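Protein chains in written order, with my numbering: chain A, 6 to 458; chain B, 6 to 458.
Report on the structure given below.
2 protein chains.
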Amino acid sequence: MAVQFELTKEYVDQLHNYIENENEVAAFEMVKDLHPADIAEIYDELDVDEARFIHVMLDPEVAAEVLVELEEDDRERFLKVLPNEVIAQFIDKLDSDDAADVIGEFPEEKQEEVLSHIDDLEQAGDIVDLLNYDEHSAGGLMAKELITVNENWTIMTCLKEMRKQAEDVDEIYYVYVIDDNEILKGTLSLKKLLLNSSNKKISNIIDTDVISVKTDTTSEEVANIMDKYDLVALPVVDQLNRLVGRITIDDVVDVIREEAERDYQLVSGITQDVESSDSAWVLTRARIPWLFIGLFGGIIAALVMGVYEVDLGVNPKMAFFIPLIAAMGGNVGVQSSSIIVQALASNSMGFEGIGRKLLKELGVAAINGVILSTVIFAYNYFFTDSFELTITVSAALFSVIVFASMFGTFVPMALDKFKIDPALATGPFITTVNDIMGLFIYLMIGRSVFAFF
Amino acid sequence: MAVQFELTKEYVDQLHNYIENENEVAAFEMVKDLHPADIAEIYDELDVDEARFIHVMLDPEVAAEVLVELEEDDRERFLKVLPNEVIAQFIDKLDSDDAADVIGEFPEEKQEEVLSHIDDLEQAGDIVDLLNYDEHSAGGLMAKELITVNENWTIMTCLKEMRKQAEDVDEIYYVYVIDDNEILKGTLSLKKLLLNSSNKKISNIIDTDVISVKTDTTSEEVANIMDKYDLVALPVVDQLNRLVGRITIDDVVDVIREEAERDYQLVSGITQDVESSDSAWVLTRARIPWLFIGLFGGIIAALVMGVYEVDLGVNPKMAFFIPLIAAMGGNVGVQSSSIIVQALASNSMGFEGIGRKLLKELGVAAINGVILSTVIFAYNYFFTDSFELTITVSAALFSVIVFASMFGTFVPMALDKFKIDPALATGPFITTVNDIMGLFIYLMIGRSVFAFF
Chain A
6 MAVQFELTKE
16 YVDQLHNYIE
26 NENEVAAFEM
36 VKDLHPADIA
46 EIYDELDVDE
56 ARFIHVMLDP
66 EVAAEVLVEL
76 EEDDRERFLK
86 VLPNEVIAQF
96 IDKLDSDDAA
106 DVIGEFPEEK
116 QEEVLSHIDD
126 LEQAGDIVDL
136 LNYDEHSAGG
146 LMAKELITVN
156 ENWTIMTCLK
166 EMRKQAEDVD
176 EIYYVYVIDD
186 NEILKGTLSL
196 KKLLLNSSNK
206 KISNIIDTDV
216 ISVKTDTTSE
226 EVANIMDKYD
236 LVALPVVDQL
246 NRLVGRITID
256 DVVDVIREEA
266 ERDYQLVSGI
276 TQDVESSDSA
286 WVLTRARIPW
296 LFIGLFGGII
306 AALVMGVYEV
316 DLGVNPKMAF
326 FIPLIAAMGG
336 NVGVQSSSII
346 VQALASNSMG
356 FEGIGRKLLK
366 ELGVAAINGV
376 ILSTVIFAYN
386 YFFTDSFELT
396 ITVSAALFSV
406 IVFASMFGTF
416 VPMALDKFKI
426 DPALATGPFI
436 TTVNDIMGLF
446 IYLMIGRSVF
456 AFF
Chain B
6 MAVQFELTKE
16 YVDQLHNYIE
26 NENEVAAFEM
36 VKDLHPADIA
46 EIYDELDVDE
56 ARFIHVMLDP
66 EVAAEVLVEL
76 EEDDRERFLK
86 VLPNEVIAQF
96 IDKLDSDDAA
106 DVIGEFPEEK
116 QEEVLSHIDD
126 LEQAGDIVDL
136 LNYDEHSAGG
146 LMAKELITVN
156 ENWTIMTCLK
166 EMRKQAEDVD
176 EIYYVYVIDD
186 NEILKGTLSL
196 KKLLLNSSNK
206 KISNIIDTDV
216 ISVKTDTTSE
226 EVANIMDKYD
236 LVALPVVDQL
246 NRLVGRITID
256 DVVDVIREEA
266 ERDYQLVSGI
276 TQDVESSDSA
286 WVLTRARIPW
296 LFIGLFGGII
306 AALVMGVYEV
316 DLGVNPKMAF
326 FIPLIAAMGG
336 NVGVQSSSII
346 VQALASNSMG
356 FEGIGRKLLK
366 ELGVAAINGV
376 ILSTVIFAYN
386 YFFTDSFELT
396 ITVSAALFSV
406 IVFASMFGTF
416 VPMALDKFKI
426 DPALATGPFI
436 TTVNDIMGLF
446 IYLMIGRSVF
456 AFF
């Protein structure tokens, strides 16, 4: 039984060693039984020339799979050093969806070059077809390899045909049934194929309750459908309902992970897909854009305070509660936005329109606002000697909570209406706006309260 | 071909209407062809009695599946009104893993009650076995239903046995091969079963490169393994390597989604799994704990500023840059933590220890710090009349960025060392600490700079 591979520092050191001494036999021995995903992980620890030293020794099928498993930037670096003919040989060995993904990353000229070197014309044609679809659509996710049978066949004919087709397909999850016009009619489960006698007609055992998507369905929708209905494979049809491909769950797991990572990065203020193992320079580049927004917001905040300089001079203690007001505005805003963003992503907004959502959010904000303002009122009443300040802080806190809630709810819904990613609303931009507005509200209320009493 | 169901307000209103008028035929007509996942969504819009009105009319298999598809709190409310005998009938129809999940949510006494009413003793035994495992482990995720064949059989015997076993299993992805001691030896792909002649021995076509997990493997690890190796099903073995169950990808997709949602909620300061369609009260309860932390932090910040009241009185413009310093400390800290949290979650920390990570983070912080401090220095040099303040803001900004980076990197790694969820470090608690420390650093530097010049 295969033992699961674990990449250790000792392993990498040993491999470095063999490669340095050009000990091909020993180096190959270390990797030859590994899964392509493991070999891809090893490449991540090697430089390009070392990886190439290993790559040329691998079985071509495995070598091709390793390319698919590499991270996008590693793959780019690696493929840059290979001639187009060699790349074409690897591409030829891949499933059409993986092949299209790899080729899709090349500039157009290189795409044509590589495609012209692919021997299998059917594969080349499939790739060209797939490249036409948006990569975030069902067409961009699907593979062309699938097993189809005609509804008029018997199980026996069906099995014979499947044997022929199965050579091109890695895993069979479902057999798709089509009619003479290639229109998708249903699926045939392998279980039914096993459990029925061989002279039965397919149309008698077909499951017509098949869920399919069109080529232009978005990848988010594909993920939601496969998750909701617990599917491992999903057929894709064109506008005429002709079966054109299938999407497998492993690709959708990647979509789900990537989406979740993107949303997470947005809410934590990171602009690119980075890993903690990336270089300091890459990490800095991913982080500094949002910090600039924060810096800019800080300058605006300083300007706002400049307008109220006289008030702060008369009541210097007002400054004491600026961090509190700013922090609460930011926190409340992010909470509100992220609840909406999650609801939009998982398609669970319910039937409430923008108006109803805002109304409910107003309720939540009012409850939170009353509780928190009362607490800070009690604190200030006992520990602060200025009653004006006590009133100002509580009134401002309540107003800021309400404002930040409304703003945090409205912005992602509005972005979504205009087909812009609502997750952008959770980023530092909205937080910064909330900070500044909170500060402004606080200082304005302060001026009124102190003038009144 | 099945049209995908979309829940609309009109649909729900119509159904409400039929139920109110006790029109069973019309109500049943509306739901009878729907997928259990769709019916569960409909229940979400009905009250308990309305849902029960529908539920009793459903085919028992479908009714049982609907229960599995309900959200945990909806299921709890719904099952509360059903007698234990009826619940047992539904449980009996479910796969063992789903059955154990549903029963696992009951208090112990009710578990025993329901189990005692299950007619199928094998099913009851499987459920009891599964209940013993931690729900966040491979044992807790697996189902007992699987298709196993002996390595000594021929393909023909194998097909005959599979026909018998297949009745209990929803979907066949792999056939597992065991020896006489039930030790897992490998898998048999359905493709190979189709492509080989029926008198071949299993041991000749077995794939021994099977990846398996132990019952106590954590669900995060299970998810990482299935994602990495693109598996749709993963066999689970006990300490003696005997095959005891299998995990299917749909359960793992749920694990991945839940994990992502939890991390997302932590970083956005929400303490419970809430949806935008929940009531205002539920939403308030999920949000107020973190806001209290923010409030408490704000009070501490006010106290810190009280200590420096004299300095602020002499140089009131110092207050202007407090929002900037606080915001930047918070942003940088969250960025640092979330990169580490993502790396820990996806197992991509690489070989760098805590020391090396902190050193690299110091590099990132230094680059960011120098750039941002220089920009704000230039701004203040031209637009602020106090050179002391100009120096103070830049020096403090640099220090705060470095401190927040170090702190944000260290805390999640330390939490992880002590087996505490590192994602806690991304929450408002750390942000609040960063705010206060940032403020303190700023005021301290300010006092020194103004004293020196």
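A virtual CB, placed ideally from N, CA and C, is assigned to each residue, including glycine.
On a predicted model such as this, the values are computed, not experimentally measured, just so you know.
>> Give me, in chain order, the residues of the same chain whose beta-carbon lies closer than 6 Å to that of B/Pro417; leave out the 5 immediate sequence neighbours on both sides.
In response: Beyond the five residues adjoining it in sequence on each side, B/Pro417 comes within less than 6 Å, by CB distance, of Ser342, Ile345, Val346, Pro427 and Ala430 in the same chain, given in chain order.
> Looking at chain A, which residues of the region 417-430 of chain B have a Cβ within less than 7 Å of any of its Cβ atoms?
Replying inline: Under the 7 Å Cβ criterion, the region 417-430 of chain B contributes no residue.
> Using a C-beta to C-beta distance shorter than 7 Å, which residues of chain A count as neighbours of B/His40?
Replying inline: Chain order gives the chain A residues near B/His40 as Tyr234, where near means a beta carbon separation below 7 Å.
> Taking C-beta to C-beta, are A/Asn439 and A/Gly338 nearer than 7 Å?
Replying inline: Yes. Within cutoff.
> Which residues in chain B sit within 7 Å of A/Phe325, going by Cβ to Cβ distance?
Replying inline: Those within 7 Å of A/Phe325 in chain B are Ala307, Met310 and Gly311.
> Skipping 5 residues on each side, what residues in its chain have a beta carbon closer than 6 Å to that of B/Asp421?
Replying inline: So the qualifying residues of the chain are Leu349 and Pro427.
> Does the region 65-84 of chain A come close enough to the region 127-147 of chain A that 3 or more CB-CB pairs lie under 8 Å?
Replying inline: Too few Cβ pairs lie closer than 8 Å, so no.
>> Are the CB atoms of B/Asp131 and B/Lys115 within a distance shorter than 7 Å?
In response: No, these two residues do not count as a Cβ contact at 7 Å.
> Which of the three DSSP states, helix, strand or coil, is assigned to B/Gln179?
Replying inline: Looking at the sequence itself, residue 179 of chain B is Tyr, so the reference to Gln does not match. Strand at B/Tyr179.
> Got a sec: which bits of the region 369-403 of chain A sit with their beta carbon under 7 Å from any beta carbon on chain B, in order along the chain?
Replying inline: Contact residues of the region 369-403 of chain A toward chain B are Val369, Ile372, Asn373, Ile376, Leu377, Val380, Ile381 and Tyr384 (C-beta to C-beta distance below 7 Å).
>> Quick check on DSSP: helix, strand or coil for A/Thr153?
In response: Three-state DSSP puts A/Thr153 in a strand.
>> What are the residues in the region 177-202 of chain A lying within 8 Å of chain B by C-beta distance?
In response: Within the region 177-202 of chain A, the residues whose Cβ lies closer than 8 Å to any Cβ of chain B are, in chain order, Ile177, Tyr178, Leu189, Lys190, Gly191, Ser194, Leu195, Lys196, Leu199 and Leu200.
> Okay, do the region 138-152 of chain A and the region 218-238 of chain A touch, 3+ Cβ pairs below 8 Å being the bar?
Replying inline: Touching, per the Cβ criterion.
>> If the cut-off is 9 Å on Cβ atoms, which residues from the region 261-273 of chain B count as contacting chain A, listed in chain order?
In response: Listed by position, the residues of the region 261-273 of chain B near chain A (Cβ gap below 9 Å) are Ile261, Arg262, Glu264, Ala265, Glu266, Asp268, Tyr269, Gln270, Val272 and Ser273.
> Under 6 Å from any heavy atom of the ligand GTP, does the C-beta of A/Val53 make it?
Replying inline: The model on display carries no ligand, and the ligand GTP is accordingly not part of it.
> To the nearest angstrom, how far is it from the Cα of A/Leu195 to the Cα of B/Ile177?
Replying inline: Rounded to whole angstroms, A/Leu195 to B/Ile177 spans 7 Å at the Cα level.
>> Looking at chain B, is there any beta carbon in it that lies within less than 7 Å of the beta carbon of A/Gly303?
In response: By this cut-off, A/Gly303 is an interface position.
> Does the beta carbon of B/Gln19 come closer than 7 Å to any beta carbon on chain A?
Replying inline: Against chain A, the CB of B/Gln19 has no partner CB under 7 Å away; the residue lies outside that interface.
> So is A/Met449 in contact with chain B if we call contact Cβ pairs under 7 Å?
Replying inline: No, its Cβ sits nowhere closer than 7 Å to a Cβ of chain B.
>> Please identify the residue among A/Asn201, A/Glu187 and A/Asp134 whose C-alpha is closest to the C-alpha of A/Ile160.
In response: That would be A/Asn201, whose Cα lies nearest to the Cα of A/Ile160.
>> Going by C-alpha to C-alpha distance, which of B/Asp102, B/Glu187 and B/Ile92 sits closest to B/Leu120?
In response: When only C-alpha atoms are compared, the closest one is B/Ile92.
> Contact check, B/Leu39 vs B/Phe58 under 8 Å by CB: the rounded distance?
Replying inline: A Cβ-Cβ separation of about 15 Å leaves B/Leu39 out of contact with B/Phe58 under the 8 Å criterion.
> Does DSSP classify B/Val218 as helix, strand or coil?
Replying inline: Strand.
> List, in order along the chain, the chain B residues whose C-beta lies closer than 7 Å to that of A/Ile254?
Replying inline: Residues of chain B passing the Cβ test: Val237 and Ile254.
> Straight-line CA distance for A/Val260 to A/Met231?
Replying inline: Those two C-alpha atoms are separated by around 11 Å.
> Can you name the residues of chain A whose CB is closer than 7 Å to the CB of B/Ile359?
Replying inline: B/Ile359 does not reach chain A, its nearest Cβ partner there being about 12 Å away, counting only Cβ pairs nearer than 7 Å.
> Does the Cβ of A/Leu198 have 16 or more other Cβ atoms within 10 Å, making it buried, or fewer, making it exposed?
Replying inline: Around the beta carbon of A/Leu198, 16 or more other beta carbons lie within 10 angstroms, which makes this residue buried.
>> Among the candidates A/Val182, A/Ile441, A/Phe403 and A/Leu151, whose CA atom is the shortest distance from the CA of A/Lys169?
In response: Taking the Cα of A/Lys169 as reference, the smallest distance to any Cα among A/Val182, A/Ile441, A/Phe403 and A/Leu151 is reached at A/Leu151.
> Counting along the chain, where does the alpha helix (DSSP H) carrying B/Arg247 start and finish?
Replying inline: Counting along the chain, B/Arg247 falls outside any alpha helix (DSSP H), and DSSP gives it neither H nor E.
> Could you check where the alpha helix (DSSP H) with B/Leu288 kicks off and where it finishes?
Replying inline: B/Leu288 -> alpha helix (DSSP H) spans Ala285 to Val312.
>> How far does the alpha helix (DSSP H) with B/Thr192 in it extend, from its first residue to its last?
In response: No alpha helix (DSSP H) holds B/Thr192; the beta strand (DSSP E) holding it covers Leu189 to Ser194.
>> In the DSSP output, what is B/Val242 paired with across the bridge?
In response: In the DSSP assignment, B/Val242 forms a beta bridge with B/Lys219 and B/Leu248.
> Between the C-alpha atoms of B/Met62 and B/Phe33, what's the straight-line distance to the nearest angstrom?
Replying inline: Annotation: B/Met62 to B/Phe33 spans about 7 Å, alpha carbon to alpha carbon.
> So, A/Ile305 versus A/Ile441, is the Cβ gap smaller than 7 Å?
Replying inline: In this structure, A/Ile441 lies closer than 7 Å to A/Ile305 by Cβ.
>> Can you tell me which residues form a DSSP beta bridge with A/Asp212?
In response: DSSP lists A/Thr192 as partners of A/Asp212.
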